[in-house]
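**Student:** Here's a structure for you.
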Amino acid sequence: MVNRILTGAHYGLRDWLVQRVTAVVMAVYALAIVAYLLIQPSFGYDTWAELFSGNVMRTFSMLFLLSLFYHAWIGVRDIVMDYVKPASIRLVIHVLVILALVLYVIWSVQILWGM
Amino acid sequence: MNKKRPKHLALHKIKFPLPSYVSILHRVSGAVLFLALPLLLLVLDQSLRSVETYTNLAECISHPLLKLVLLGLMWGFLHHFCAGLRYLAIDLHLLPTLAAARSSSVWVLAVSLTLTVVMGVKLW
Numbered sequence: 001m002v003n004r005i006l007t008g009a010h011y012g013l014r015d016w017l018v019q020r021v022t023a024v025v026m027a028v029y030a031l032a033i034v035a036y037l038l039i040q041p042s043f044g045y046d047t048w049a050e051l052f053s054g055n056v057m058r059t060f061s062m063l064f065l066l067s068l069f070y071h072a073w074i075g076v077r078d079i080v081m082d083y084v085k086p087a088s089i090r091l092v093i094h095v096l097v098i099l100a101l102v103l104y105v106i107w108s109v110q111i112l113w114g115m
Numbered sequence: 001m002n003k004k005r006p007k008h009l010a011l012h013k014i015k016f017p018l019p020s021y022v023s024i025l026h027r028v029s030g031a032v033l034f035l036a037l038p039l040l041l042l043v044l045d046q047s048l049r050s051v052e053t054y055t056n057l058a059e060c061i062s063h064p065l066l067k068l069v070l071l072g073l074m075w076g077f078l079h080h081f082c083a084g085l086r087y088l089a090i091d092l093h094l095l096p097t098l099a100a101a102r103s104s105s106v107w108v109l110a111v112s113l114t115l116t117v118v119m120g121v122k123l124w
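Protein sequences, first through last, are from chains A and B.
Number 4 in my numbering belongs to position 4 of the first sequence; there are no gaps in the numbering.
Number 7 in my numbering belongs to position 7 of the second sequence; there are no gaps in the numbering.
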C-alpha cells in the first residue's frame with residue numbers, strides 16, 4: 001500500500017507572493033498620492049478632479065484598486081478558513097465575498113472612467 | 001508516553017508579547033477595511049463625480065460621528081500599512097533577532113497611533 005500525503009491545493013506559495021506584490025503596489029501608490037497632496041498649496045475639488053482626469057492616473061488607480069481587491073480576497077479567505085469550520089457556511093461566505101469584490105471592480109471602472 | 005496528561009494553562013499568567021498584538025490588529029484592521037470598502041468606494045465616487053457631490057460629501061464628513069468613523073478607518077489603514085511594511089522587512093530578513101522583532105512592533109504601534117492623532121488634529 002502506498003501512503004500518499006496530500007499537501008493541499010498548491011496555491012499557498014502563489015498567494016503568499018501575490019499578497020506581497022499587491023502590498024508593494026498599494027504602498028507605492030498610497031505614498032505617491034500622499035506626497036502629491038502634501039505639495040499642493042491649496043486643496044479643493046479642482047485639484048482632486050484634475051489629478052484623476054488623466055488616463056495615466058486612472059490606469060494606476062485601477063491597478064491600485066485591483067491590487068486592493070485581490071489582496072482583500074486572500075486576506076478575507078484566510079480569515080474565513082481560520083474561523084469558519086462548517087464547509088457550507090464557508091462556501092457561502094466565500095461566494096459572497098467574491099461577488100462583492102467583482103462588483104467593486106465594475107464600480108471602480110465606472111468611478112474612474114465615468115466621472 | 002501516550003498517557004493523556006492534563007493540561008494546566010494559567011490563562012491569567014499568560015501574556016501576549018507585543019508582536020502578537022501587532023499581528024492580531026493587522027488581521028482586525030484588514031477585516032475592518034474590507035467591510036468598509038463599499039463606504040470608501042462611495043466616498044471616492046462622490047468626491048470625483050461633480051462639485052456638488054464633492055461639497056455635499058465635505059458637509060457630511062464634517063459631522064462629528066462620521067469624523068470619528070473616518071478616523072477609526074484611518075487608524076485601521078495606518079496600522080495595516082505599518083504592520084505590513086514590518087512583515088515585508090521580516091520577509092527580507094531585515095529583522096533577524098527577537099529584539100529587532102519586538103522593537104519594530106513597538107515602532108509599528110507608535111508610528112500608526114501618532115499619525116492617527118495627527119490626522120485627528122487635522123480633521124478637527
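Heads up, the beta-carbon is just placed ideally off N, CA and C, and yes, glycines get one too.
What you are looking at is a predicted structure, and each value in this text was computed from that prediction instead of being measured.
What are the residues in the region 76 to 92 of chain A lying within 8 Å of chain D by C-beta distance?
**Tutor:** Of the chains in the structure shown, none is chain D; the protein chains are A and B.
**Student:** For His80(B) versus Leu42(B), is the C-beta distance shorter than 8 Å?
**Tutor:** Locating residue 80(B) in the second sequence gives position 80, counting from the first residue. Locating residue 42(B) in the second sequence gives position 42, counting from the first residue. Not a contact, by the Cβ cut-off of 8 Å.
**Student:** Could you spell out the range, first to last residue, of the alpha helix (DSSP H) harbouring His80(B)?
**Tutor:** Within the second sequence, the letter at position 80 stands for residue 80(B). Element bounds for His80(B): Pro64 to Asp91.
**Student:** State yes or no: is the beta carbon of Leu37(B) nearer than 8 Å to at least one beta carbon in chain A?
**Tutor:** In the second sequence, residue 37(B) corresponds to position 37, counting from 1. Cβ-Cβ to chain A under 8 Å: yes for Leu37(B).
**Student:** Comparing the CB of Pro41(A) with every heavy atom of the ligand SAH, is any distance shorter than 7 Å?
**Tutor:** Looking at this structure, you won't find the ligand SAH or any other ligand, since it has none at all.
**Student:** Looking at the C-beta of Ala23(A), does it have a partner C-beta in chain B at a distance below 8 Å?
**Tutor:** In the first sequence, the residue the question calls residue 23(A) occupies position 23. Yes, its Cβ sits closer than 8 Å to a Cβ of chain B.
**Student:** Find the nearest neighbour of Met62(A) within the set Trp107(A), Ile5(A), Ala9(A) and Ala72(A), judged by alpha-carbon distance.
**Tutor:** Translated into the one-based positions of the first sequence, residue 62(A) becomes position 62. Minimum Cα distance to Met62(A) is reached at Trp107(A).
**Student:** Rounded C-beta distance between Met115(A) and Leu48(B)? I'm assuming under 8 Å.
**Tutor:** Within the first sequence, numbered from 1, the residue matching residue 115(A) stands at position 115. Within the second sequence, numbered from 1, the residue matching residue 48(B) stands at position 48. About 5 Å; that satisfies the 8 Å criterion.
**Student:** Might you give, ordered along the chain, the residues of its own chain that have their beta carbon closer than 6 Å to the beta carbon of Pro19(B), omitting 5 neighbours on each side?
**Tutor:** Looking up residue 19(B) in the second sequence gives position 19. These residues qualify, in order along the chain: Ala101 and Ser105.
**Student:** On the three-state DSSP scale, how would you describe Asn3(A)?
**Tutor:** Residue 3(A) sits at position 3 when you count from the first residue of the first sequence. Coil, per DSSP.
**Student:** Beta carbon of Trp75(B), beta carbon of Thr114(B): below 8 Å?
**Tutor:** As a working mapping, residue 75(B) is identified with position 75 in the second sequence. As a working mapping, residue 114(B) is identified with position 114 in the second sequence. Contact flag unset, no.
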